[in-house]
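**Student:** Pasting a structure below so you can have a look.
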Amino acid sequence: MAPQKSLPAAKVALVLSYFRTTLVAHTLKDLEKSLPTHAGISSMAVKDYLTQLTSDSLLSVEKIGSGNWYWSFPADAQKAKELMLEEARKERNRLRDSVGALETMRNEMEKEDDGSDEREKVVEVAERLESLKKKRTELKKVVEMLEGGVVEEGKKEKVMAKVNLLIDNIMVLMDYAKDLVQADKEQMENIRNAFGIEEDLDYFEF
Numbered sequence: 014m015a016p017q018k019s020l021p022a023a024k025v026a027l028v029l030s031y032f033r034t035t036l037v038a039h040t041l042k043d044l045e046k047s048l049p050t051h052a053g054i055s056s057m058a059v060k061d062y063l064t065q066l067t068s069d070s071l072l073s074v075e076k077i078g079s080g081n082w083y084w085s086f087p088a089d090a091q092k093a094k095e096l097m098l099e100e101a102r103k104e105r106n107r108l109r110d111s112v113g114a115l116e117t118m119r120n121e122m123e124k125e126d127d128g129s130d131e132r133e134k135v136v137e138v139a140e141r142l143e144s145l146k147k148k149r150t151e152l153k154k155v156v157e158m159l160e161g162g163v164v165e166e167g168k169k170e171k172v173m174a175k176v177n178l179l180i181d182n183i184m185v186l187m188d189y190a191k192d193l194v195q196a197d198k199e200q201m202e203n204i205r206n207a208f209g210i211e212e213d214l215d216y217f218e219f
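Residue numbers (our numbering): 14 to 219.
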């Protein structure tokens, strides 16, 4: 049965990269020891990641003897690439919406500017906006690279690291928005809903 909640795509990709790197079949017991270190996940969550990957046909499983064995070989690389591309596109759209939110915030603050404190906030928002725009450009390049063909195994972790950095920027932006609305729960919920940002957004490093 697939996990009820979708797991962080970045960590799913890291788990998959472990199989692609080792190129051998693993028992559940072995994976509960090795995956926490490689993918930064809890040993208790290993089964959930294996279940999701097998459900997505990215991981093969076979019952041998008294237990299950899991593996994934290069022939499955195209499926992995498609998964990464899908998640990159989602993150690109989230980042685009975040840039739009910052631009709106900056414009409103400029209209209401009535003192040095507000001016400092406007400058800070503008700086964050420029930084986010640069990150959006980087992610666009990642998506274009993925659309262009299968990512070489050695480049996958670099791609994951880039996307995780973008997620980090979105988290910083949400913290900043939280300060601006004085942690008002209803306003924060409206912001998340408006821009499709999950409350439990996590590093899906790609």
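C-beta: ideal position from N, C-alpha, C; glycine also. Just so we're clear, the structure is a prediction, and the values are computed from it rather than from any experiment.
#1: Count the C-beta pairs between the segment 21-29 and the segment 49-65 that are closer than 8 Å, then say yes if the count reaches three, no if not.
#2: Please report the straight-line C-alpha distance between Ser47 and Trp84, rounded to a whole angstrom.
#3: CA-CA distance, Thr9 and Ser79?
#4: What residues in its chain sit with their C-beta under 6 Å from that of Met57, if we drop five residues either side in the sequence?
#5: In terms of alpha-carbon separation, which member of Tyr31, Leu108, Phe86 lies closest to Tyr62?
#6: Hey, out of Thr40, Val59, Lys103, Leu36, whose CA is closest to Arg74's CA?
#7: Output the distance between the C-alpha atoms of Thr117 and Thr64, rounded to the nearest integer angstrom.
#8: Using 8 Å for Cβ pairs, my map puts Glu72 next to Val59. What's the rounded Cβ distance?
#9: Please classify Gly80: does DSSP put it in a helix, a strand, or coil?
#10: Could you compute how far the alpha carbon of Glu199 sits from the alpha carbon of Val37?
#11: Within 10 angstroms of the Cβ of Glu104, are there 16 or more other Cβ atoms? Answer buried if so, exposed if not.
#12: Is Ala23 helix, strand or coil by DSSP?
#13: Val37 by DSSP, collapsed to three states: which one?
#14: Going by beta carbon distance, what residues of the same chain come within less than 7 Å of Glu99, once the five residues before and after it are set aside?
#15: Quick check: what's the CA-CA separation for Ala22 versus Arg102?
#16: By how many angstroms is the C-alpha of Trp82 removed from the C-alpha of Lys76?
**Tutor:** Taking the definition as stated:
#1: yes
#2: 14 Å
#3: The question about residue 9 has no answer here: the residues shown for the chain are numbered 14 through 219.
#4: none
#5: Tyr31
#6: One point to set straight first is that residue 74 is Val, not Arg, in the sequence displayed. Closest option to Val74, Cα to Cα, is Thr40.
#7: 41 Å
#8: In the sequence on display, residue 72 carries Leu and not Glu. Actually they do not touch by this definition, with Cβ atoms about 12 Å apart.
#9: strand
#10: 49 Å
#11: buried
#12: helix
#13: coil
#14: none
#15: 12 Å
#16: 6 Å
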